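Enquirer:
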Amino acid sequence: RRFARYVVELCGILQIKHVARLLGVGWDLVKGIHKRHLAMKLKRRKLGKVRYIAVDEFAVHKGHRYMTVVLDLETGAILHTQEGKDALALTGFLLRLRRARKKLKAVAMDMSASYRRAVLDVFGDKVDIVHDPFHVVALASKAIDGTRRDLVRDLEGDERKVLKGSRFLLLRGLENVKEAGLERLMLLMELNQPLYEAYLLKEDLRMFWNLPDVEHGKTFLDQWTSQARALGNKHFMKLANTLDHHRPGLLAWFAHRISTGPLEGLNNKIKVLKRQAYGFRDMEYFKLRLYFLHEARIDRPT
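For the sequence shown, our numbering gives the first residue as 3, with consecutive numbering after it.
(1) For D215, which residues of its own chain have a beta-carbon under 8 Å away from its beta-carbon, when the five flanking residues on both sides are left out?
(2) Judging by CA-CA distance, which residue of F288, S261 and R46 is the nearest neighbour of E85?
(3) Considering Cα atoms alone, identify which of L223, H237 and A232 is closest to L252.
(4) Does at least one heavy atom of the ligand NAD sit under 7 Å from the Cβ of Y8?
(5) In chain order, what residues of the same chain lie with their CB nearer than 8 Å to the CB of V129, ignoring the 5 residues before and after it?
(6) Determine the burial state of F95: buried for a count of at least 16 other Cβ atoms within 10 Å of its Cβ, exposed for fewer.
(7) When DSSP labels each residue in this structure, what does T70 get in the three-state scheme?
(8) Within its chain, find whatever has a CB closer than 8 Å to the CB of L233; leave out the 5 residues flanking it on each side and keep chain order.
(9) Sort out for me which residues DSSP pairs D130 with in a bridge.
(10) Using a Cβ-Cβ cutoff of less than 6 Å, which residues in the same chain neighbour A242 once the five nearest sequence positions on both sides are dropped?
(11) If I follow the unbroken beta strand (DSSP E) through S195, where does it start and stop?
(12) Around the Cβ of L268, are there at least 16 other Cβ atoms within 10 angstroms (buried) or fewer (exposed)?
(13) Cβ of T93 within 8 Å of Cβ of V124?
(14) Buried or exposed for N212, going by 16 or more other Cβ atoms inside 10 Å?
(15) Please name the residue in F5, R103, Y54 and V139 whose C-alpha comes closest to that of P264.
(16) Strictly by DSSP, which residues pair up with Y54?
(17) By DSSP, does E85 sit in helix, in strand, or in coil?
(18) Taking Cβ to Cβ, would you say V71 is nearer than 8 Å to E59?
(19) Entirely within the stretch 239-280 and at least 4 residues each: give me those alpha helix (DSSP H) ranges in chain order.
(20) Any idea what DSSP makes of I80, helix, strand or coil?
(21) Tell me whether F294 sits in a helix, a strand or coil according to DSSP, three-state version.
(22) In angstroms, rounded to a whole number, what distance separates the CA positions of F18 and A102?
(23) Which residue from F294, Q225, K104 and R119 puts its Cα closest to that of G50?
(24) Identify which residue in H133, K87 and L141 has its Cα closest to the Cα of S116.
(25) Sort out for me which residues DSSP pairs F60 with in a bridge.
(26) Whole-angstrom Cβ separation of V52 and D74, contact assumed at under 8 Å?
(27) Take the Cβ of D112 as the centre, count every other Cβ of all protein chains shown within 10 Å, and call the residue buried at 16 or more, exposed below.
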């Protein structure tokens, strides 16, 4: 037991292979001891007061193999992991919360139809869905990039050359554009009025999450979607329809102001963990490591 306790303590600061080399034992013995410790620790852990969670997926292996992760936004602990990114990967955990009578208030997520369906099937309208700002702005960036590509195909000569190399400039936030970039941006705007209007709409959308309350949010969405459709641009018309469809999830921001940002940050630690192990063959052990990732010290492999 003393030896096992020592192994567990070392696993908190070192990689398994380094612990095995230090103690002169096999790495599989070290992993087995650590795995049993984490499993027992997980059994003792209680859900606690779960009020706000974030849901997202990350790639486990190459070839579109994903895992769904649920994060407690107040404690920073991963509460649930499950292979896949469909509704089934989330429904079981939500049912567990409902049976435990946890007072879940809101779920932060992207615009995934599967995750949204899982929340609605289990909780109906008793729990709010809050769409993550980053993913919404990413849709606007996709729309302006599609607009740029269409214009590049239609234009010729110098105008086409200027537009062709402007992708990252148009996707960057205005506050992050340096002086030289601003000059080029102004040139782009002079060359093409539709692109100028699309860029302004993309930047305006980012202001939505700075509005003071839901009434201002409703007015903003009405005006923004109307302007987007008035452009006659297929990419922004599609985006306007998407925002209308997900309007409740957008306006729920003003009641809860949560996002998947903390989970996105944790994904970086997950990537480092995967690189340290050169890919986990034991999925059960990998999940156990994830459940206590917020407590672990994860150093980049050298």
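Note that the Cβ used here is the ideal one computed from N, Cα and C, for glycine as well. Source: prediction; values computed, not measured.
Expert: Let me spell this out:
(1) Around D215, the same chain offers F256 as residues with beta carbons nearer than 8 Å, after the five sequence neighbours per side are excluded.
(2) Comparing Cα-Cα distances from E85 to each of F288, S261 and R46, the minimum goes to F288.
(3) L223
(4) Among the components of this structure there are no ligands whatsoever, and the ligand NAD is therefore not found.
(5) L106, K107, A108, V109 and V121
(6) Burial call: buried.
(7) strand
(8) P196, E199, A200, L203 and M239
(9) A108
(10) T227, A230 and R231
(11) Per the sequence shown, residue 195 should be read as Gln rather than Ser. Here Q195 belongs to no beta strand (DSSP E); instead the alpha helix (DSSP H) covers Q195 to L207.
(12) buried
(13) yes
(14) exposed
(15) Y54
(16) Looking at the DSSP assignment, Y54 forms a beta bridge with A108.
(17) strand
(18) yes
(19) 249-253, 255-258 and 263-279
(20) strand
(21) coil
(22) In the sequence on display, residue 18 carries Ile and not Phe. Their backbone Cα atoms lie some 36 Å apart in a straight line.
(23) K104
(24) When each option's Cα is compared against that of S116, the closest is K87.
(25) M69
(26) 6 Å
(27) Counting every other CB atom within 10 Å of its CB across the protein chains shown gives D112 a total of 16 or more, marking it as buried.
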